[in-house]
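Residue numbers (this note's numbering), protein chains in the order written: chain X, 41 to 200; chain A, 2 to 704. Ideal placement from N, C-alpha and C gives every residue a C-beta, glycine not left out. What follows is a set of notes on a single structure, which appears directly below.
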Ligand code: FES
Ligand code: FES
C-alpha cells in the first residue's frame, strides 16, 4: 500500500491504482481540488507534489508514492481572514481575481509552484506556467494582475 | 430561523418587478414551469443577535450577485458588509424566484432587497422612537445601531431593538424611500467580493462537492448520438464487479425518460462497471451534420416576427445612391462552463432533497414534484455555488436522474457529468444566419436598412434579442425567424444578442468603409439615443481613437475596430487593436465603456465586462461545435479551443451614465459587441471582410 503525505499528514492509501484527484476529493474529502476536464487540459485539478505543480486527474496515488502533496486546503490551514492566507491566495483576493471561482484553486496552486521556482517571473514565464489552465469566466486580466502582485512580494513567498 | 423566535422578519411580494409578459408564462414553458404559491415571502431577517440575513432565489455562478445583494442591504441598513449574510438558491429558505437569467431579473431582486432593507430600517427607527420617546426625525442609523440625537451615549443596537418579541413587517407596495446615491457608504464604492475567502481556500462548496454519508456514485449509460434509442441492455458482468451496488434500468415510458445506470461505492468503480455494460442502441436516421446547418435554417425559417418597421425598405433601397447586401453566419457554440453539471439526491421519510447547481432551483423543484407526484413543499432544491453557468444550467436533467436513482437504491446518489457528457448532453448557443440589405445617400447617410435573421431553434426570444437597429434611417425593417435545429439550443450569455450585434455592427462598418467615413463618426451621425453617445465617447477617449487614421488603412497586419451595443437595458462600446500574423489574430488591447445606470458594485461591473470580453473572444476567433450525424466531435478542450491566458489583451473599462437610473445588467455587455469589433479590426488590418464566425477559421493567412 503506497504511503504519501497530504497537507502534512502521513497517509496510507488502500489502492495504488486510485486516481489521485478522486482520492483527494472523495476519499479524503479535499474538494477544493476540482475536476473540469479529466484529461490534463484545464488545470482545475492542480496540486503540488514535492513543490511542483501536477495535474492530479492524470496520475494515480501509486505513481506519487512517498511524495508530499499540497492541496489548496493545505496552503493556509485554518485561515480565518485574508491576512492569514498564503500570499498568493491573498493576491487573488486583493485583485478580485475570480468570478465563479471554480478554476481558481488550480491557478493558485500553479502560481505557488511557479513562484517557488521563479520568484520574479517575466510575463512570458507567467503565461507559460498558466497556459494549460482554463478560466471559462474569462478572469485572465485579473489573474495576471494577481500573479504579478504575488510575485512583487515573492521574496516572502516560499513553497509550503 | 427567526420565524418562531424573537427578531424582525420582512416579507414582500416575490413577483416584484417581473414584467407581465413573463407572468403570463408562469408554469407554461420548460423554463418558466414554476409559479409562487404564496405571494408574500420573507426577504430579510434582523436577528436578536443583531445579524442581518437576506434571502434571494437567485444563484451565484460568478456574476457576483451575493456581493451585490450584500452591498445593497448593508447600504440601506448602514451596516458594514460583514454584518450581512446572504442566503441564495435554497427553495426552503428563500423567496420564490423564476430563475437566474438575464441580468434584468437580478436587478429587480436586488431592488426588492433594498426595499426590504429600507422597510427594516423604518421599523427599527419606529421601535427606537418608542424606546427613546423621540420622533424618528431625531434618530439616525450608524454601524448597526440606532442613535438618538447627537448624543452617541444613547443608542440601541438592532439586536437589542428586536430581541423582545417576534415581529413581522411588510414591504409597502408602492414607493419605499431608498437611500439616495449620494449617501451610499458601501454601495457603488466598496471593491471586491464577500465570498472571496472561500473561493481561494477551496472551502466554497459547488454541486460536485456535495458528498453525503453513504453516498453512491452513479455512472449513467447515455446514448451515443442525439435521439438514439436503447434496444437492449446487458449488465450481467458489470453487476459482479467490485464496489457495484446495483444496476438500475428504468425503460422510457410516458412522461418518463430512459434511465440506465450503475451505482457503486466509488466514482471509479461505477465508471469501470459502466464500461462493460453491453448496450445496444438504435440511432435516429437522417441526423444532420454541421455543414447542413445554413441550408436547414433557410429551408425551415418560420414564425417570423417583425421587430421594427418604418417607411418602405424597397423604396428606400431604390432611392439610395449606393446599396450593400451581405450575409453573416454564426455556428453553434458550446457553453462549456468549467464545472460540468452534477447533482446529489437524498430521500428521507418521503421528502426529497436535491443539491443541483442550477440557475432555476424553483423550476427544478416543480419538475421533481410533478414527476414524483409530491407536493412542492416535500421537495427541496439547493443550488450550491455554481462553477459557471452562462445560461446553460437552467436545464438540469441530472437532478431528476439523481432523485430517481436515490429512490431506487434507498441511499443518497450523486450523478456527475464528465466533460464529454457536459458537452454532448447540453444545449448550445444556436447557429444563425443574418442577411442585411442597406442603402445610403450621396453623403453616406443611411436611407434603408433591411435586416433578416434566422436563429436555429424554437426559442424565439433567443434570436430576437438585440436584433433592432439603433441607427436612424427613414426606411427600415427588422425581422427575426425561428428554424429547425439539429442540436438542442438554449441560453448562452446575451442569448442571440452577440450574434445579432456581430452582423449589424460588421455591416455598418462595411457601410462606413464604402463611404470613406470614419466608423466612429459614422455611428455618431446615426445614433439617436444619448446613452449610446456616452459609451462611444468614453471608449473612444480611452482608446485614443483618432479619426485621422482612416479605416481600411495600411493593411500591415495591424488594425483597429469599433462596435457599440445594447443588452438587458445597458449600453456598451468597444474599441480594439489587433495584430494579424499568419492565421492568428491577436487582440492586443480593448477599451470599453458601459452605461448600466447605477453601478451598485463598480468593481463587479468591470470584472463582468472583462470576463464577457475574454469569453467572447472564444466565439469570435476559435469556437465552433463540430458535429456529424448527431455526434459532437469536439466535446473536450483539446479540439474545442477556448481563450487561454496568453490570449489576454490589455483591457480597460470605463463606467459612465446616470446613477439616478435603475441598475441594469453588466454580465452580457462585454460579449455583445466583441465579435464585430474584432472583425472590423481584422478588416482594417488585412482588407479581409470576414462574415462568418469564428474568424480565425475563415482567415486567409497574412504576411
Ligand atoms: S481536470 Fe485535470 S487538467 Fe482538467
Ligand atoms: S472564475 Fe469561473 S472558470 Fe474561472
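Under the DSSP definition of a beta bridge, residue 415 of chain A partners with A:218, A:345. Within the region 91-104 of chain X, no residue has a Cβ lying closer than 7 angstroms to any Cβ of chain A. Interface with chain A (8 angstroms Cβ-Cβ cutoff): residue 145 of chain X is included.
Taken atom to atom, the span from the alpha-carbon of residue 132 of chain X to that of residue 434 of chain A is near 41 angstroms.
604, 605, 607, 608, 609, 611, 612, 613, 614, 615, 616, 617, 618, 619: these are the residues of the region 601-626 of chain A whose beta carbon lies less than 9 angstroms from some beta carbon of chain X, given in chain order. Taking the Cα positions, residue 41 of chain A is about 56 angstroms away from residue 548 of chain A.
Three or more Cβ pairs closer than 8 angstroms define a contact, and the region 681-688 of chain A falls short of that threshold against the region 620-627 of chain A. Residues with their Cβ less than 6 angstroms from any non-hydrogen atom of ligand 1, running along the chain, are X:75, X:76, X:77, X:78, X:80, X:81, X:82, X:83, X:84, X:85, X:95, X:97. Judged by DSSP in its simplified three-state form, residue 436 of chain A adopts strand. Identification of chain A residues near residue 58 of chain X by a Cβ-Cβ cut-off of 9 angstroms yields 267, 269, ordered along the chain. With three or more CB-CB distances shorter than 8 angstroms, the region 560-576 of chain A counts as touching the region 457-472 of chain A. Of the residues A:630, A:344, A:602, A:492, the one whose Cα lies closest to the Cα of residue 71 of chain A is A:602. Contact between residue 62 of chain A and residue 390 of chain A is confirmed by a C-beta separation of about 4 angstroms, below the 8 angstroms threshold. Each residue's CA atom was taken as its position, placing residue 591 of chain A and residue 55 of chain A some 37 angstroms apart. Counting only runs that start and end inside the region 500-587 of chain A, the beta strand (DSSP E) elements of at least 3 residues fall at 559-568, 571-582. Under the DSSP assignment, residue 310 of chain A falls in the beta strand (DSSP E) whose first and last residues are 303-311. Counting along the chain, residue 293 of chain A sits inside no beta strand (DSSP E), nor does DSSP assign it H or E at all. Of the heavy atoms belonging to ligand 2, at least one sits nearer than 7 angstroms to the Cβ of residue 63 of chain A. Taken through DSSP and simplified to helix, strand or coil, residue 139 of chain X comes out as coil.
Here residue 667 of chain A is buried, its C-beta having at least 16 other C-beta atoms within 10 Å. Counting only Cβ-Cβ distances below 9 angstroms, residue 100 of chain A has no contacts in chain X at all, with the closest Cβ about 17 angstroms away. Taking CB atoms only, residue 62 of chain X has a neighbour in chain A less than 8 angstroms away.
Where residue 92 of chain X is concerned, the enclosing beta strand (DSSP E) starts and stops at 92-95. The continuous alpha helix (DSSP H) containing residue 420 of chain A extends over residues 420-425. Residue range 230-235 is occupied by the beta strand (DSSP E) that includes residue 235 of chain A.
If you draw a straight line from the Cα of residue 297 of chain A to the Cα of residue 489 of chain A, it comes to about 14 angstroms. For residue 481 of chain A, the secondary structure class from DSSP, reduced to helix, strand or coil, is strand. Excluding residues up to 5 positions away in sequence, 53, 55, 71, 74, 75 lie with their Cβ nearer than 7 angstroms to the Cβ of residue 85 of chain A in the same chain.
Set against 7 angstroms, the gap from the CB of residue 140 of chain X to the closest heavy atom of ligand 2 is smaller. For residue 663 of chain A, the CB contacts under 6 angstroms within the same chain, skipping 5 residues up- and downstream, are 598 in chain order. Within the DSSP secondary-structure output, residue 43 of chain X pairs in a beta bridge with X:52. DSSP places residue 33 of chain A outside both helix and strand once states are collapsed to three, so it counts as coil.
Near chain X, meaning a CB-to-CB distance below 7 angstroms, the residues of the region 627-651 of chain A are 637, 638, 639, 643, 644, 645, 646, 647, 649. Beta-bridge annotation (DSSP): residue 325 of chain A is paired with A:439. Per DSSP, residue 84 of chain X lies in no alpha helix (DSSP H) segment and is marked neither H nor E. Only buried fits residue 35 of chain A, as 16 or more other CB atoms lie within 10 angstroms of its CB.
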